[in-house]
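**Student:** Structure provided below as structure tokens; questions to follow.
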Amino acid sequence: MRNAVYPGSFDPLTNGHLDIIRRGARLFDQVLVAVLENEGKAPLFTVAERMELISACTRDIPGVEVHSFSGLLVDFMKRMNAKVVVRGIRAVSDYEYELQMALMNRELRPEIETIFMLPAVEYTYVSSRLIKEVFRLGGDIGRLVPPPVLESLRARLGVSSPA
Ligand code: PNS
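Using our numbering, the first residue of the sequence shown is number 19, and each one after it goes up by one.
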């Protein structure tokens, strides 16, 4: 059974994340989506809410499981018996941060491999941070997030973005 861990903050899940999950699910028997419990980041959605949204949006993708973790990613991976990390890279600007994380994880556990996947071109500029900012300011992000996420943003932020 080949599994891979797709870790992140997912605050909230975007269509870019979903695209990477779909691509990962074609390569691996199981994709374990792992939501970081990081209170320091002052998230918009709780970890439980983010997990619920990811579950709702990945129901049709075989082999996807949703987990949360705190502490080191490599320790979570050990518990899950996983050796592959999947990360999406959008632009060159992502690369430096991703390189540091991948090499640090390799330092901590040399048997771990990180594979980088490219999202569909139409999502290469999408980030959770920008989604929240644009939505708050009334911009239309309906094409860039799954419908349950759009509903949750509306409920949480109490502003209406164009359908
Ligand atoms: O979506 P993000 O915020 O870019 O994801 C970052 C994440 C969760 C992959 C990263 O912060 C992480 O793995 N944190 C867990 C703590 C850890 O293991 N740190 C050392 C990794 S270099």
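Using N, Cα and C, we set each Cβ at its ideal position, and we do this for glycine too.
Quantities reported herein were computed from a predicted structural model and do not represent experimental measurements.
Evaluate the contact criterion for the region 43–57 versus the region 141–161: three or more CB pairs, one atom per stretch, below 8 Å.
**Tutor:** The region 43–57, when compared against the region 141–161, does not touch it at the 8 Å Cβ threshold.
**Student:** Just checking my contact of Y141 with G34 at CB under 8 Å: how many whole Å lie between their CB atoms?
**Tutor:** Going by Cβ atoms, the distance from Y141 to G34 rounds to 4 Å, so yes, they are a contact pair.
**Student:** Grouping DSSP H, G and I as helix and E and B as strand, with all else coil, what is F28?
**Tutor:** F28 falls in the coil class under three-state DSSP.
**Student:** Would you check whether the ligand PNS has a heavy atom nearer than 7 Å to the C-beta of P25?
**Tutor:** Yes.
**Student:** Beta carbon of V92: closer than 7 Å to some heavy atom of the ligand PNS?
**Tutor:** Because some heavy atom of the ligand PNS lies under 7 Å away, the Cβ of V92 counts as near it: yes.
**Student:** When you compare the region 81–89 with the region 100–110, are there three or more beta-carbon pairs, one atom per stretch, that lie closer than 8 Å?
**Tutor:** With the cut-off at 8 Å, the region 81–89 and the region 100–110 do not touch.
**Student:** Which residue marks the beginning of the alpha helix (DSSP H) containing A120, and which one marks its end?
**Tutor:** Start and end: 110–126.
**Student:** According to the neighbour-count rule (16 or more other Cβ atoms, all chains shown, within 10 Å of its Cβ), is S12 buried or exposed?
**Tutor:** Shown here, the chain extends from 19 to 181; a query on residue 12 therefore has no answer.
**Student:** Beta-carbon within less than 7 Å of N123's beta-carbon, same chain only, minus the 5 sequence neighbours each way: which residues are those?
**Tutor:** So the qualifying residues of the chain are L91, V92, V103, I130, T132.
**Student:** Quick test of your reading: L45 and I72, contact by CB under 8 Å. State the CB separation rounded to the nearest angstrom.
**Tutor:** Actually they are not in contact, since the Cβ atoms of L45 and I72 sit about 19 Å apart, beyond 8 Å.
**Student:** Which word fits G106, buried or exposed, when buried means at least 16 other C-beta atoms lie within 10 angstroms of its C-beta?
**Tutor:** Flag for G106 reads buried.
**Student:** State the DSSP-derived secondary structure class of A22, mapped to helix, strand or coil.
**Tutor:** A22 falls in the strand class under three-state DSSP.
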